[in-house]
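First to last, the protein sequences are chains A and B. Quick note, in our numbering, the first sequence goes up one by one and the last residue is 241. Quick note, in our numbering, the second sequence goes up one by one and the last residue is 1299. Think of the CB as a built atom: it goes at the ideal place given N, C-alpha and C, for glycine as much as any other residue. Please read the structure below before turning to the comments.
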Amino acid sequence: MTLVEIGDLHKSYMTGDETTHVLRGTDLCLKKGEMVMVMGPSGSGKTTLLNLLGGIDSPDSGVLVVDGLRLSELGRKELNRFRRERIGFIFQFYNLIPTLTAIENVELGLENLVQGRKESRKRAGKYLAMVGLSDKGGNYPQELSGGEQQRVAIARALAKEPALVLADEPTGNLDEEREGSIMNIMKELQNKLGMTFLIVSHNTRLRKYMDRTLLLRHGKLREGS
Amino acid sequence: MKPITKSVVRKLLKMKWRMMAISLVVSLAMAMFVTGLYSAVIFDHSMETFIEETNFPDVFIRLSEPVDQSIARDALENTSNIRSYSLRLKLDSIFHHGGEEYPAVIIGTEDPKREDISKLLLKDGALFSREGEGVVVSGMEDIGAKEGERSRFTTLGVEVNVTVTGTVQTAEYIFASPIEDAMLPLPGNFVVLFMDLGELQESTGLGINDIIVKVDKDKREGVVDSLGTLSVSEVVYQEDHPSVVFMEMGAGKMRNMFPLFSVIFMVVGVISIFMTFYRVVMNDSRYIGVLMALGYSRFKIALAYLNFGVVLATVGSLVGLLLGFLFTMGIMSYTITMIGDIRVAYPVAPIPFVLGLIFSYGSVLVSVGIPIIVITRKTVRQALDHKPKTRILTVGTAFSGIKKTRLMGLRNTFRNPARTALTVFVIGMSVGIAGSWIVVADSAWGYMQEQVDQDTWDLRVDLSRPIPRENVTGRFEMEETEYVIPFSYMAGQIIGGGNSENVNIVASDGILETRDFELESGSLDLSRSVITNKLATELGISVGDRITIRVGPKEMNTTVGGVVYDILMQAVYVDGRTASPLTNESNATGAYIKLHDKKYTETVAEELEDEEGVSKVTIQDDIIRSMDETFGSAMGLLYFFFVICLVIAMVIAASAIIISTMERDLEFATLETLGIPKGQVIGSMLIEIGILGIISALLGVPFAYLFGKLFAVVMEDILYYFPVFFAFSAMLMTFFFGFLFVLASSIFPIRYTSKLDIERTIRERTAN
């Protein structure tokens, strides 16, 4: 069953007087429950692709369907709902809210999604424990190391149990051991809950966890070797 | 442009809205500064021009009894140094129109075309040229005193009918006030008619009782002394004339009040600028360190940042200059409509504007300069290692159960306690300034009411010539009267403490019955003298000091027995015996009357007006009504300032809040990526701004009282004393409207976050 369908997707940016074509007729099809990694040189459009799939940016042209929803047809409010219910973002720089503790950051993602505060706290605690931070729930982001912050960001995205997780260098700040542990959690969730992962990374070690690896070059995706 | 300057400019241009908000605060502060100084110049200049144009008299002399004009002329002709003079018959009267009666004064003058003394400036129609004609002072057209009307006046039981040939302006009556002795111009319908002297004399059988003189300042006393044979009851020098006093009061108010406000606003502006720049420069610390490492001198780096301060000051100052000019125009037109008909002269006066520019540039550059100096004093290593501190204040676990977006709002309020404290302080001060207008208005109004309530009399009768006291009592005692207290009223000068002031002298044995005097110091000892507090302050005298009171050529010496509060009169109260050197002890010029019941007021007043020898009847309730009207218009202005100050508070709040919102744009973008509904994000911001608003508005309450006190001190110096009290309603208003306006400022950050480009924000902020 197809979860993501991208067809002939174009996206360009204006840089001063110059137009930079990032995506030039990109095609992609992701099956539900698939874990796919996109690799490519810096500036090749990997993050742009994630942003387009998450509905925080819009393409110039092309087809973009996620979980049956044609994103170009959704308004701002519907896109918001779409992100809330179906997307889990893991940012390269975590983007944690500094005024909320680790557990509250995870709970934030569950607002309007999980009924009841107790349930929400329970699930947040569970995912925080999964990433190995059960004892750090009461800490504010600035009291955590880079790696710990990254794990909170991962917990926040996964706790939502979304249909699609969009991750930008999710293990960039983790040591090899921690990286393996996080990837195993993701794999487990992929298998148990049928969550789909699209991961952007330069880290070749992650390939072993992937169902597929794609290479983004010159604005087009192709199967990686 | 050098790369370093370009870089700073680009960085600061990103904060253009914040900068514009700050510029606006600077502009408003400067506008107030300029408005105060320039309005004062205009007041002074307009009055000077008017006095010059109309050849305003240097001395006004009133006789207690009319005399044949040849006697007065002889006395004046034998006096040297007089440049010009005019003999007039000035009578209190009543103007009848449309079944109504209005207080009026008729001035019989020899030649209406005279230009050498008290020139009548023709506004409409023509000056009178024959019998049965007259001109009225403009401004009373609404009640029928206008060109072309056949008007009926009555004075001393005589009917005077004239055709009004035109309306005029005169510096003697720049505001028409039925209560001539009042320190404040109390408005009301009051008609001033100028007509032929001979005709008025013929109708009334009187001579002249009013002399105006143009003479050098140092020769004035000599002129007054030369009139020793005449019964002088009032002598008023030019600088003490109500028109001049009022214009000076107006100028004083402008000169003191507005710059005071501007200083407070500039403090607010300076703190806002300082907060912003401190943040910008501290955040740029590493970048500044890099520049230093590349070999840029500290001076060059400082200059690049300082350039922006110059731009900020320039924009703020230019807008401030324009606003200042516009405010001045607005205030002058409003004030002029309050005081009457005087031509406003806008002089070329660069000094207020130059001072405003210095004030504005100085304040902005200092507040920009300090953080730059702080950071450029660091070593390259220190600058490179510097990390902006982000301290989150934990609000405990009590709130952790609430929605996380609400928790965010709550914690965001205190995430940087020092900055929050400063922001709250600045907004609180602005709300306080606004509230102080309410405090001042309430206090001044309340005190004035209190003062009026101290008078126990219902009617005051003024006689056209003095008569024995026992006759006064006998003549005016009726079934309806509770008391009739005769008095002698004079106007002259009081000399004490090395200074001299114009003063009204009320001599009466029963004066203490007519008013519940509020004693400031000493005792109500009329065998010495009781003076009003403003007089004591102006002269610099107190209980026990010696004073001299002069009325024309006569004078008396006494000591101050007591000082009383009185906002209406600048007066000295003495008993009949003490005043005997000035007047015939047994004579009275009028009486205070109290009725058993106020309902008889109108009837008794009418009866008294018809009495022979009665020149004027004043009803206490008319004074109260007049004061109500005065304060009604003044209140409008005060409430206008209240709203203006609240708008400024809103701008300051918006500027402070938008700063913190912009700094947190990545957080708002993240909330969007998490799919947090817009309503919740707005709710979070409203919580934050609401808390800020509540604390600021609460802080604004004591500030309002403090600034109210400060303004009251300034007002005492230029207007009159009033005690400051803080009514609960004023507190509530300050708090409620302060909170409302601060909350209203949330529209700006809400609009900002609504238009936030998520993708770009995340890309740019994480790229940094």
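Residue-level contact to chain A via CB, residue i, 8 Å cutoff
i	result
residue 935 of chain B	yes
residue 943 of chain B	yes
residue 938 of chain B	yes
residue 1214 of chain B	no
residue 1208 of chain B	yes
residue 810 of chain B	no
residue 1203 of chain B	yes
residue 1289 of chain B	yes
residue 541 of chain B	no
residue 946 of chain B	yes
residue 779 of chain B	no
residue 1219 of chain B	no
residue 1197 of chain B	yes
residue 716 of chain B	Confidence in residue 716 of chain B is poor, its pLDDT being 47 and thus under 50, which makes the residue's placement unreliable; the coordinate value appears in the next sentence. No, its Cβ sits nowhere closer than 8 Å to a Cβ of chain A.
Close beta carbons around residue i, own chain, < 8 Å, minus the five adjacent residues each side
i	result
residue 239 of chain A	228, 229, 230 and 231
residue 1197 of chain B	1292, 1293, 1296 and 1297
residue 47 of chain A	17, 18, 19 and 212
residue 1204 of chain B	1289 and 1293
residue 654 of chain B	669, 697, 698, 699, 700 and 872
residue 84 of chain A	none
Closer than 8 Å to chain B by CB, residue i
i	result
residue 187 of chain A	no
residue 72 of chain A	yes
residue 170 of chain A	no
residue 299 of chain A	The shown model of chain A, from 17 to 241, leaves out residue 299 of chain A, and the question about it has no answer.
residue 22 of chain A	no
residue 235 of chain A	no
residue 212 of chain A	no
residue 190 of chain A	no
residue 31 of chain A	no
Residue i - containing alpha helix (DSSP H), residue span
i	result
residue 53 of chain A	Element bounds for residue 53 of chain A: not the alpha helix (DSSP H) but the beta strand (DSSP E), 51-55.
residue 98 of chain A	92-102
residue 600 of chain B	600-608
residue 78 of chain A	Counting along the chain, residue 78 of chain A falls outside any alpha helix (DSSP H), though it belongs to the beta strand (DSSP E) covering 77-82.
residue 824 of chain B	816-824
Within chain C, partners of residue i - CB distance below 7 Å
i	result
residue 108 of chain A	Of the protein chains in this structure, namely A and B, none is chain C.
Anticipated Cβ contact below 8 Å, residue i with residue j, distance rounded
i	j	result
residue 176 of chain A	residue 116 of chain A	Between residue 116 of chain A and residue 176 of chain A the Cβ distance is about 16 Å, and since that is not below 8 Å, they are no contact.
residue 741 of chain B	residue 650 of chain B	Residue 741 of chain B to residue 650 of chain B, Cβ: 17 Å. No contact.
residue 626 of chain B	residue 643 of chain B	About 19 Å; that fails the 8 Å criterion.
residue 561 of chain B	residue 893 of chain B	Contact flag wrong, Cβ pair sits at about 11 Å.
residue 1096 of chain B	residue 1064 of chain B	5 Å
residue 524 of chain B	residue 954 of chain B	Not covered by the structure: residue 524 of chain B. The range shown for chain B is 532 to 1299.
residue 895 of chain B	residue 1245 of chain B	That belief does not hold up - the Cβ atoms of residue 895 of chain B and residue 1245 of chain B are roughly 26 Å apart, past 8 Å.
Cut-off 7 Å between Cβ atoms - residues of its own chain near residue i, not counting five sequence neighbours on either side
i	result
residue 504 of chain B	Given that chain B is displayed from residue 532 to residue 1299, the structure contains no residue 504 of chain B and the question cannot be resolved.
residue 812 of chain B	836, 902, 903 and 906
residue 38 of chain A	27, 28, 29, 61, 64 and 235
residue 662 of chain B	727 and 730
residue 877 of chain B	573
N-terminal and C-terminal residue of the beta strand (DSSP E) that residue i is part of
i	result
residue 1208 of chain B	Segment: none, residue 1208 of chain B is in no beta strand (DSSP E) and carries neither H nor E.
residue 679 of chain B	Neither: residue 679 of chain B is in no beta strand (DSSP E) and is coded neither H nor E.
residue 232 of chain A	228-233
Beta-carbon contacts of residue i that lie in its chain and below 6 Å, excluding the five residues immediately before and after
i	result
residue 961 of chain B	799, 1179, 1180 and 1183
residue 547 of chain B	none
residue 723 of chain B	636, 668 and 704
residue 715 of chain B	Low per-residue confidence applies at residue 715 of chain B: pLDDT is 49, beneath 50, and the placement is therefore not dependable, though the value from the model is reported in the following sentence. Once the five neighbours on either side are set aside, residue 715 of chain B has no close Cβ partner at all.
residue 1272 of chain B	1177, 1180 and 1181
residue 822 of chain B	832
### Query
With a cut-off of 8 Å, do at least 3 Cβ pairs link the region 1170-1183 of chain B to the region 961-981 of chain B?
yes
### Query
Does the region 1041-1049 of chain B come close enough to the region 1000-1017 of chain B to have 3 or more Cβ pairs within less than 8 Å?
yes
### Query
Would you say the region 93-108 of chain A touches the region 134-142 of chain A, given that touching needs at least three Cβ pairs under 8 Å?
no
### Task
Kindly confirm or deny that the region 756-763 of chain B and the region 1076-1090 of chain B touch, where touching means at least three C-beta pairs closer than 8 Å.
yes
### Query
How about the region 750-760 of chain B and the region 675-682 of chain B: do they share at least three Cβ pairs that are nearer than 8 Å?
no
### Message
Within 8 Å, do at least three Cβ pairs link the region 1259-1273 of chain B to the region 1218-1235 of chain B?
### Response
yes
### Query
Are at least three pairs of beta-carbons, each pair with one atom in the region 1103-1110 of chain B and one in the region 1056-1071 of chain B, less than 8 Å apart?
yes
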